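Student:
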Amino acid sequence: MGNMTQFPDRSKVAPDAERLKDYTWPEDPHHVPEWIYTDEYIAELEQQRIFQGRTWNYAGLEVEVPEVGSFIRSYLGSMPIIVVRDEEGVIRAFENRCAHRGAEFCRSYRGKAESFTCPYHQWNYGLDGSLQSVPFRRGVKGKGGMPKDFDMGANSLRRLNVTTRNGAIFVSAHDDMEPFEDYLGPQMLEQFDTAMDGRPLRLLGVHRNILEGNWKLYQENLKDTYHATLLHTYLTTFGLFVASNETFVITDEAGRHSATCNRRPEGRPENDETTAEIGSFHSAMQLEDPSVLNIVKESDSPWTSNALTIWPNMILIRQTNIFSARQIVPMGPDKFMLIWASYGYADDDEAMQEHRLKQNNIFGPGGFIGIDDNEVIKFVSDGALRGSERDGVIPLGKDDEPDDTVITDRALRGMYAWYRKEMGL
Ligand SMILES: [Fe+2]
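Heads up: the sequence shown runs through residues 8 to 432, numbered per the working numbering.
#1: Between PHE78, GLY160 and VAL97, which lies nearest to PHE123 when the distance is taken from Cα to Cα?
#2: Leaving out the 5 sequence neighbours to the left and right, which residues in its chain are closer than 6 Å to GLN226 when beta-carbon positions are compared?
#3: Hey, could you find the ends of the alpha helix (DSSP H) HIS234 is sitting in?
#4: DSSP beta-bridge partners for ILE98?
#5: Can you tell me whether SER349 is helix, strand or coil according to DSSP?
#6: By how many angstroms is the C-alpha of PHE112 removed from the C-alpha of ALA120?
#7: In whole angstroms, give me the CA-to-CA distance for GLY9 and LYS342.
#8: Which first and last residues belong to the alpha helix (DSSP H) in which GLU305 is found?
#9: Please check the pair ALA106 and TYR127, which I expect to be a contact at CB under 8 Å, by giving their CB distance rounded to whole angstroms.
#10: What number of angstroms, rounded off, separates the C-alpha of ILE346 from the C-alpha of HIS214?
#11: Give me the Cα-Cα distance between VAL91 and SER137, rounded to the nearest whole angstrom.
#12: In the DSSP assignment, find the alpha helix (DSSP H) that holds ASN381 and state where it starts and stops.
#13: Over the uninterrupted beta strand (DSSP E) stretch that includes ILE49, give me the two end residues.
#14: Does the segment 36-56 come close enough to the segment 160-172 that 3 or more CB-CB pairs lie under 8 Å?
#15: In three-state DSSP terms, what is ILE199?
#16: Taking HIS234 as the reference, give the member of GLY286, LEU218 and GLY205 with the closest Cα.
#17: Just to confirm, are GLU429 and ARG56 a CB contact at a threshold of 7 Å?
#18: So which of ALA175, ASN216, ARG209 and THR415 has the shortest CA-CA distance to PHE199?
#19: Cα separation between HIS289 and THR240?
#20: If you measure from each CB to the nearest heavy atom of ligand 1 and keep those under 7 Å, what residues do you get, in chain order?
#21: Going along the chain, which residues of its own chain have a beta-carbon closer than 7 Å to the beta-carbon of ARG325, five neighbours each way excluded?
#22: According to DSSP, which residues form a beta bridge with HIS38?
#23: Using a threshold of 7 Å, state whether the C-beta atoms of TYR82 and MET321 are closer than that.
#24: Assuming THR254 contacts ASP411 (C-beta within less than 8 Å), just tell me the rounded distance between them.
#25: Please go through the same chain and pick out, in chain order, the residues whose beta-carbon is closer than 7 Å to the beta-carbon of SER140, but skip the five residues on each side of it.
#26: Could you give the DSSP three-state label for MET8: helix, strand or coil?
#27: Using CA coordinates, which residue listed in MET159, ALA161 and PRO142 is at the minimum distance from GLY152?
#28: Given THR258, which residues of its chain have a CB within under 6 Å of its CB, disregarding the five upstream and five downstream residues?
#29: Would you kindly work out how many angstroms separate the C-alpha atoms of VAL70 and VAL249, rounded to a whole number?
#30: If we count Cβ pairs, one from each stretch, closer than 8 Å, do we get three or more for the segment 205-221 versus the segment 381-389?
#31: Looking at the unbroken alpha helix (DSSP H) that takes in LEU419, where does it start and where does it end?
#32: Just the C-alpha distance for MET86 and ASN278, rounded to the nearest angstrom, thanks.
#33: DSSP puts ASN269 in a beta bridge; with which residues?
#34: Taking 6 Å as the limit between beta carbons, can you name the residues of its chain near TRP222, skipping five residues before and five after?
#35: Might you give, ordered along the chain, the residues of its own chain that have their beta carbon closer than 7 Å to the beta carbon of LEU37, omitting 5 neighbours on each side?
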C-alpha cells in the first residue's frame, strides 16, 4: 500500500468534555436515556468513537465484487466508501471522496470499472485508490496548471483496512485491529459460520430502504427476543419463533455482539397457555402457499434460525433456508438506511434457489415480518422525538441466568454497557 493515504484516527479525538456534561446516563442499568436516539452531538460522537473507532464494520459480500474492477458503493458508519476488487484480485476499500474538492464521486451502487473518475474535474484514481491523473496538470501553453511539487502520492483516496470471513467483507479505519475472529469471540464465530459456512455464495438480491428512527433501534430490535414472540403474526402463528420454542441467547464476553438460536418444532403451535398471551397469534390463519414454510435440511446445525447482531452495523440471519446479511447505515440521529443482501450457496440447485427466493418474502421492507419491525421502530422514534422526556426500560431477565430464555433484555443491557464505555458516557 506504500504511500496510500491513511485514514486519520478520529477515535482519539477527545470528546468535548464541557458538552458531555449535559448528558447524564441514568444510574439504574435497566434504564436507557432517550437522547441517544435523537441528539445530533451524540450521533456525531458515534461516528468518531464507534464507526471510525476500533470496530470491524460490515461493508458487503465478496460475491458482490466478483471480478477485477467490480465495485460497490458502501459505508463506514455514515461515511461513503467504495469497495472494489483491484488488479491483483485483492479487495480494497477507500473513502468515496475526491482528494481535490471532496466530492462523493462514485454515484453507482454497483458496477465494473477500470478506474474511477470524479465528474467534477476528472481527477482519476486507480482501483487501488491511487491518484493516476489530473487534467491540465501542466496547464495550457505553459500557463496555469498544478504546482511543480504537487505530490500525486499524497493525494490518493483515503484507504481503509479490509478483512473477510467466509465471503463477508469488513472494513476498519484502523490498521492495527485484532483479527475479525478475535473480534467476534469463539461462541459468536461458531454462530457466524452457521450462517455463512465458507462455501462460495450466490447473491440472490440486494435491496435498500430508509427507516425513520435511530440506527441503534435496529440493533436493539434483533437483540430484543421478547418482541419477536409478540409482535410478529407470521413468526408466532406459524411457529417459527414462539416463546415456548427451544431458544438460546448468546452474547460475546464484551456484550456487544449477540446471537439468538432457535429451534422450530414440527407442525403449528396449538392454542395453549403460551399462545394465549400472544396477541399476534391467530390459530385460524392459513397460508395461500404453505410451502414457504418448508425446511430443507442443509446443515448439521440443531437450530432452524440464528440471528446475529455484530457490533456495530451488521445483522446476519439464517431463518429456515433464508440467509440475509444486513448493513445498518446511520443517516443522522433519527434516520438510517438498511442494505439487505439475500444469498444462498453457489452449489444450490435450481429448486433450492427457488425455495430460498420464495422464503425470502419474510424479509425486506415489505416482508411478512420485516414490515412489522420497520413500523414499530418509527413508533419508538416518534415517541422519542415528540413525547415528554422519559427513559426507556430494559428490565427483563437477569444478567447471570442461563441463556435459554427469550423473555429477557440481557443482550440489550450488554450492548448499552459496551456503548457507554465506547462513548465515554
Ligand atoms: Fe422483529
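Heads up, the beta-carbon is just placed ideally off N, CA and C, and yes, glycines get one too.
Owing to the predicted nature of the structure, the values given are computational and were not obtained by experimental measurement.
Tutor: According to the data block:
#1: PHE78
#2: THR316
#3: 232-235
#4: ARG92
#5: strand
#6: 13 Å
#7: Low per-residue confidence applies at GLY9: pLDDT is 42, beneath 50, and the placement is therefore not dependable enough to give any value.
#8: No alpha helix (DSSP H) contains GLU305, which DSSP labels as neither H nor E.
#9: Incorrect: roughly 12 Å between the Cβ atoms, too far for contact.
#10: 6 Å
#11: 13 Å
#12: 377-393
#13: Looking at the DSSP string, ILE49 is not in any beta strand (DSSP E); the run it does join, the alpha helix (DSSP H), is 47-53.
#14: no
#15: At residue 199 the sequence reads Phe, which differs from the Ile that was named. If DSSP states are grouped into helix, strand and coil, PHE199 belongs with the helices.
#16: GLY286
#17: yes
#18: ALA175
#19: 7 Å
#20: ASN228, HIS234, ALA235, LEU238, HIS239, ILE376, ASP379 and ASP380
#21: THR201, ALA202, SER312 and ASN313
#22: VAL400
#23: no
#24: 7 Å
#25: ASN131
#26: With a pLDDT of only 43 at MET8, under the threshold of 50, the placement of this residue in the model should not be trusted; the figure read from the coordinates follows. It is coil, neither helix nor strand.
#27: PRO142
#28: SER265, ALA418 and GLY421
#29: 34 Å
#30: yes
#31: 417-430
#32: 49 Å
#33: THR254 and SER312
#34: ILE335, PRO337 and PHE343
#35: Strictly speaking, residue 37 in this sequence is His, with Leu absent from that position. Within the same chain, HIS37 has close Cβ partners VAL400, ILE401 and PRO402.
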